[in-house]
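Throughout the sequence shown, residue numbering follows our numbering, covering 1 to 140 in sequence.
Beta carbons are placed, not taken as given, at the ideal position from N, Cα and C, and that holds for glycine.
To keep things clear, I will list the structure first and then write my remarks on it.
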Amino acid sequence: METVFCFRERQRFKYQLISRIRCTARIHCAKVLGYGLLAFYSRQYEGEPSLTLFFTLIGWVTLLTVGVYAYYLHNKDMELSVGRLIFWAVLFRGCGLLGVPLFEDDFYRYLWDGYRFAEAGTPYGIPPAQFFTDTTITHI
Numbered sequence: 001m002e003t004v005f006c007f008r009e010r011q012r013f014k015y016q017l018i019s020r021i022r023c024t025a026r027i028h029c030a031k032v033l034g035y036g037l038l039a040f041y042s043r044q045y046e047g048e049p050s051l052t053l054f055f056t057l058i059g060w061v062t063l064l065t066v067g068v069y070a071y072y073l074h075n076k077d078m079e080l081s082v083g084r085l086i087f088w089a090v091l092f093r094g095c096g097l098l099g100v101p102l103f104e105d106d107f108y109r110y111l112w113d114g115y116r117f118a119e120a121g122t123p124y125g126i127p128p129a130q131f132f133t134d135t136t137i138t139h140i
């Protein structure tokens, strides 16, 4: 009788664990959808896109992220496997790589810093103003 009870208890715990994993997987899928929509949205506009849709998508993804965090805080006995963590991290990174920066007007600074890092190993050695007085640089 006791072995049947232990078996049922284990089955119930296993079912609850699978149910929790499915719940968080659904939330993560909704987050990937939100980030994918942001990436798609970023490629649709030349110039400044609508702030309403942008903040709606950001709010959606933020709400889901806070929800997952609260869910894991509430269910501390639920383990997060490394494989699942890497899987979701790769998916979210892929969404970020598909999009372009919205409301970002400082990308030339990033290009300059990358150029200086490739040339000197650090972007902080020489200020850009010193290159404006360099006569060896040709004017476009």
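At a Cβ-Cβ threshold of 7 Å, C95 and A39 count as neighbours. Contact between F92 and Y35 holds: CB atoms are separated by about 6 Å, below the 8 Å threshold. Burial check for V90: the Cβ neighbour count within 10 Å stays below 16, so the residue is exposed.
Rounded to the nearest angstrom, the gap between the Cα atoms of L80 and T56 is 29 Å.
Within the model, the alpha-carbon separation for L73 versus Y115 is close to 43 Å. In this structure, the alpha-carbon of T65 lies about 24 Å from that of R43. In terms of CA proximity to T24, L85 leads the group P49, T52, S50, L85. Secondary structure remark: continuous alpha helix (DSSP H) runs of at least 4 residues inside the stretch 25-93, in chain order: 51-74. In this structure, P123 lies near F117, with their beta-carbon atoms less than 7 Å apart.
Just so you know, the alpha carbons of V100 and S50 end up roughly 15 Å apart. Our two residues, R26 and L37, have alpha carbons roughly 16 Å apart in a direct line. For D106, no alpha helix (DSSP H) segment is defined, and its DSSP state is neither H nor E.
Cβ-Cβ distances below 7 Å link D113 to P123 in the same chain, with the five nearest sequence neighbours on each side left out; the list follows chain order. Taking all protein chains in view, the Cβ of V82 is surrounded by fewer than 16 other Cβ atoms within 10 Å, so the residue is classified as exposed.
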